[in-house]
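Single-structure report; data block below.
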Amino acid sequence: METKKKLTCYHCGLEMTESETVWFDDKPFCCNGCKTVYEILNQSSLEKYYKINETPGIKTDAIDEEIKQKYAYLDKPEIEEKLLEFNDGQTKVVNFYVPNIHCSSCIWVLENLDRINPHISHSEVNFPTKNVRITYKGDKISLRQIVEIMASIAYPPLISLEDLNKDKQKSNRKLLYQLAIAGFAFGNIMLMALPEYIQSEGFWIERFSSLFRWMMFGLSLPVVFYSARDYFESAIKGLLAKVINVDILIALGITVLFLRSTYEIITDTGTGYFDSLTGLVFFLLIGKYFQRITYDYLSFERDYKSYFPIAVTKINPQSEQEEIIEIKDIKVGDKLIIRNEEIIPVDAVLKRNIALIDYSFVTGESLPTQKLPGDKVMAGGKQTGGYIEIEATNDVDNSYLTKLWSRGAFQNESQKNIKSYTDVISKYFTYVILSIAFLAGTYWYVTSGFSRAIWVMSAVLIVACPCALSLSAPFAFGNILRKFGYRNFYLKNAEAIEKMSKIDSIVFDKTGTLTSQEKYHVVYQGKDLSPSDKSVIKSLVKTSNHPLSRMIYKMMKDEAVVGFDQVKEMVGKGVQANKSGDSFKLGSGSFTGAIETDHSTVVYFSKNDEILGKFVFTASYREGISDLFKRLQTKYKLYVLSGDNDSEKQTLESILPSGVDLLFNQSVHDKMDFIQNLQSKGNHVMMVGDGLNDAGALQQADVGIAVSEDTNIFTPSSDGILKSDNLVKLDKYVSISKQTLRIIISSFVIAFLYNILGLGFAVTNHLTPIIAAILMPISSISIVIYVSVLTNLIVNKLGESTKV
C-alpha cells in the first residue's frame, strides 16, 4: 500500500500522492508533460520562471509526434502568409492569442522565447488581450516550429479560421486623432479667450485681440471639419431617412456656433463662441471613446469561424498519404482524419474507429456522445478520444453549423434596435427650439428689423444648443460600460444598457450557464467497496482519457494505485482488466452487463461479471443561483431551456423557486423559436447562454448575454459577455441599467432648466458673450460631473472591481 503523503507539482501546483509523482532533478511533477516543460525551460536558462511566481505553470500533456502533427498545416506557405503581420522574406512578424497567459511568470517566459531558440528575434506580450507578438527570422525557423516551441512549454496559441479572414489593416485610430485634435484646440482656445472674459479693455487687449480671435478661428476649423465630421454625417443620414436624432441637434448647434462666431470675428463685433464649440466636441468625443475602449477589448461579433480550425488532415484517395488542406477546400467525399481534441469541420459519416464527440458547444449536451462507424457526425463537435476517420457529406458552407448562421436572427440584427431616450427627447426638443427661434425672430423682425431678428434667432439656437442634453447620455453610459468592464461584464455598446432596462422576461440556458463547465458531482451508489476495490477503480480510470474517467479519478485521489496482469480500454465503452484471477470492468451498462433504468449519466463497476455499483454524474450548479432566481422572480418572468434530457428536472426544481418554467430537449432552433414566440406576445426578452447552441437565441433576444469562464476565449455573438463568477450579480447589473436611465432622465431635466434660463436671455435680446460663456460651460461641465458621480455611486453596490 502506498503512502498518502501529499505533494505539489513543482510546475503547475497540482496536488498528488507520492506514488503518482514523477521525480526529476529532485523536484516532484504530476506528469511527464510538466516535467518536460521544466526540462525545456531549465535547458534554456529560463529557470527564473519558477522564481517570479510559485508553481506558475499550466498542466500539460507531453508533446508527442501525434500532437505535433496538429500544426503541420502551418508549413503551407499560403496559410502562413495569411497569419503573418509582416513578411519581407527574412524577418517575419506574427501575433498569436494565447489563452494560458495568467500571471507575470507567463509574461516573462513568453518574452524570453529567444533564449529557447536564438532565431526568434523578439517577443512581446499584451497581457489584457493575452496576445503575443513574435518577430523571427523566417529563413532560419518556421512558423510551425515556433508554435511547437510554445506548445512544448504549455503555451499553445489558439489559431482559428477567423484568423485567416481578419482585416490586416492597422487598427482604426480615427477616433483617437479626432479626440486629440479637439482637446488641443479646446485647451488653447480657452487660454486665448480668457483675457477678453476678465478684461474688456487695455493695451494688450486692443493690440492682440484681433490676432487671438483669428487664431481661435483657425484652431476651430479642424475641430468642425474633422473631429465633428461623424456627427454631421449621422445627421445627414437621419434627415435622409426622415428620422430626428440627437446628432441633428448637435450638428445644428455646431453649425450655428461656428457661423455666428465666424461672423463676429469677420465683423470685429465679438470674440465668438469657439471655446464652447470646441469644448462641446471634445466632451462628446470623450464619452464616445469610453465606449470604444470596451468594444475594442473584446469581440462581440464572433461566429463559427472563431471556433473552427484553419486546416485539416485529408487522406489522398490515390496515394493514401496524409496531406494538409484548408477548411474551405474540403469537398463532399473527402476522407479526413480528426485527432483528439480537434473540431469536426463538416457534416460527415464516421468511417473508422469509435468516436467520443463533445457537442456541448453546439447542442448543449453536457457529456460526450459515442458514435460508431456508419453514424453521422455533425460539424462543430470535438473529438475527445483517439483519432477517427470521417467522410465529408457536405462542404463547410452547407454544413449544419454554417446553416445555423444563415437563420434570420443572425442576418438582421436591426430588428432588435430600439429608439434611444436621447433620440426620442431630442426629436421634441428640436421642434420646440426651432419654434421658439422662429417666434422670437418674428417678434424682433417686426419690432427691430431683419438684422436684429437674425441676431436673436442665432442666439436662441446657440444657448439652446444641446450641450448638456447630448453629453449626459454618452458620459453616463460610457462610465457604466467602463465600470461594468472592471467587474468582468463587458457590454457591446450603450444601446445594450437601454435594452436591459426594458426587459420583462429572462431566459437561461442550463448547461454551462447555470452549471459549471468544469465541475460535476460524482456519487457512488451500490455495495460498499473494499479498499482494494477502490484501488482497482482508481487504477482503471488512470489508464483512460475519457472525461468521466478523469472525474472518477479526482474522486479517488486518496486511494492507492495497483498494477494489472492485463488491461484494455474499449474506446467509448469502458476499461477492463485482470488481476490475480479476478476480472474487472468499468464503463457503460452495455459494456458491463448492467441494466440501465434511468436517463442519468452513469458509469458501472463490475467484478467477475457482478455489478457492484455505479457512479452517477450530475451537473454542479453555480453557487448563489437559487438566491439569484428568487431575487429576479419578483420582477421578471423566468425560463430555463436545456438541450439535455430531463434527468436534471428534479434537481433543478429543488434548487430554483417554484414558478420557473423548465424546458428540456431544446434544439438550437427550438430556443430561437421559443424566444421569438415570447416577443410576439409583446415581451422584452433577455437570453443568458454560453455556447454555439445558444448563439441563435442570443441574437434573437432583445438582449443576449454570453456567460464565459474566460472572457477572452470564444463566445458567440452577443450584446454582452459576462464572466461566469459574476452571473449571480445579474439582477444588480439589470437594476443598475434601469437606474442609469433614471439618472439620464434627471440630467435632461437639469439641462432643460439651463436652457430655459438661457432662452430667457436670448429671446429678450440680452445674451451677451459673457453670459453665454458662463452658461454654456457651466451646463456642460455640471452635467458631466452630475452623471459621473451618480453612476459611480450606484455601481459601487457591485463590490470591488478588478481594476488594479
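Numbering (the numbering used here), first residue to last: 649 to 1452. The beta-carbon is built from N, C-alpha and C at its ideal position, and this holds for glycine as well. For clarity, every value in this text was computed on a predicted model and none was experimentally measured.
Do you know how far the Cα of residue j is from the Cα of residue i?
| i | j | result |
| --- | --- | --- |
| N1413 | Y1138 | 49 Å |
| E772 | I934 | 29 Å |
| D1294 | F1312 | 6 Å |
| G1291 | D1318 | 9 Å |
| C678 | A1242 | 34 Å |
| T942 | N1136 | The pLDDT assigned to T942 is 49, lower than 50, so where the model puts this residue is not dependable; a value taken from the coordinates is nonetheless given after this. If I take the Cα positions, the gap works out to 11 Å. |
| Y945 | L1020 | Unreliable placement is indicated for Y945, whose pLDDT of 48 sits below 50; the coordinate value is still reported in the next sentence. Taking the straight line from one Cα to the other gives about 43 Å. |
| D689 | I991 | Inspection of the sequence shows that residue 689 is occupied by Leu rather than by Asp. Cα-Cα distance, rounded: 30 Å. |
| D1373 | V1189 | 30 Å |
| T651 | E1217 | Low confidence applies to T651: its pLDDT is 44, below 50, so where it sits in the model is not reliable, and the reading given next is rough at best. So the alpha carbons of these two residues sit roughly 28 Å apart. |
| G1343 | L1289 | Residue identity differs from the one stated: residue 1343 is Ala in this sequence, not Gly. A1343 and L1289: Cα-Cα distance of roughly 13 Å. |
| E1061 | I1353 | Since pLDDT at E1061 reaches only 44, below the 50 mark, its modelled position is unreliable, and no value is offered. |
| L694 | R763 | 8 Å |
| R1130 | L900 | 30 Å |
| F1277 | I1384 | 17 Å |
| I797 | V685 | 10 Å |
| I985 | E1039 | 9 Å |
| L1162 | I1391 | 32 Å |
| V1170 | Q1324 | 37 Å |
Closest to residue i by C-alpha separation, out of the options, would be which residue?
| i | options | result |
| --- | --- | --- |
| E726 | F744, K718, L791 and Y745 | L791 |
| F1265 | S1290, S1197 and F1156 | S1197 |
| G1174 | G1291, Y1252 and S769 | Y1252 |
| N1001 | E1037, V994, E971 and V795 | E1037 |
| Y1269 | S1238, I1303, G1237 and K1255 | I1303 |
| N1127 | Y1172, L1438, E668 and C682 | L1438 |
| F1125 | L1375, V1443 and S692 | V1443 |
| Y1007 | Q1018, V997 and I807 | Q1018 |
| L1260 | F1123, D1181 and K1297 | D1181 |
| K822 | S875, R781 and T1388 | S875 |
| D1043 | Y937, D982 and L905 | D982 |
Taking all protein chains shown into account, decide if residue i is buried (16 or more other Cβ within 10 angstroms of its Cβ) or exposed.
| i | result |
| --- | --- |
| I1073 | buried |
| G737 | exposed |
| D923 | buried |
| A889 | exposed |
| D977 | exposed |
| I902 | buried |
| P993 | buried |
| P1016 | buried |
| W606 | No statement about residue 606 is possible, as the shown extent of the chain runs from 649 to 1452 and does not include it. |
| D1213 | exposed |
| K1233 | buried |
| Y719 | buried |
| Q1347 | buried |
| Y1076 | exposed |
List the endpoints of the continuous alpha helix (DSSP H) containing residue i.
| i | result |
| --- | --- |
| T1388 | L1378 to V1411 |
| R877 | R877 to L888 |
| G1237 | G1237 to T1240 |
| Q1347 | A1343 to Q1348 |
| E1301 | K1297 to I1303 |
Pull up the CB-CB distance for residue i and residue j, whole angstroms please, since I reckon it's below 8 Å.
| i | j | result |
| --- | --- | --- |
| L732 | V795 | L732 to V795, Cβ: 13 Å. No contact. |
| I801 | V757 | 7 Å |
| T926 | F834 | 4 Å |
| I1151 | D1350 | 6 Å |
| G1237 | E1244 | 4 Å |
| I972 | K724 | 6 Å |
| V1215 | V1223 | 7 Å |
| Y1284 | D1309 | 12 Å between Cβ atoms; not a contact. |
Over what stretch of residues does the beta strand (DSSP E) that includes residue i continue unbroken?
| i | result |
| --- | --- |
| E970 | E970 to E974 |
| L998 | A996 to R1000 |
| P676 | K675 to F677 |
| S769 | I768 to N774 |
| I789 | From DSSP, I789 is part of no beta strand (DSSP E); its letter is neither H nor E. |
| G1368 | G1368 to K1371 |
| D1176 | That residue, D1176, is in no beta strand (DSSP E); it is neither H nor E in DSSP. |
| Q1214 | Q1214 to M1218 |
| M1334 | V1333 to G1337 |
| A1144 | No beta strand (DSSP E) holds A1144; the alpha helix (DSSP H) holding it covers A1142 to M1148. |
| E1039 | I1036 to A1040 |
| D1206 | Segment: none, D1206 is in no beta strand (DSSP E) and carries neither H nor E. |
Please report whether the beta-carbon of residue i lies at a distance below 9 Å from any beta-carbon of chain E.
| i | result |
| --- | --- |
| N1313 | Reference to chain E is not applicable here, since this structure consists of a single protein chain. |
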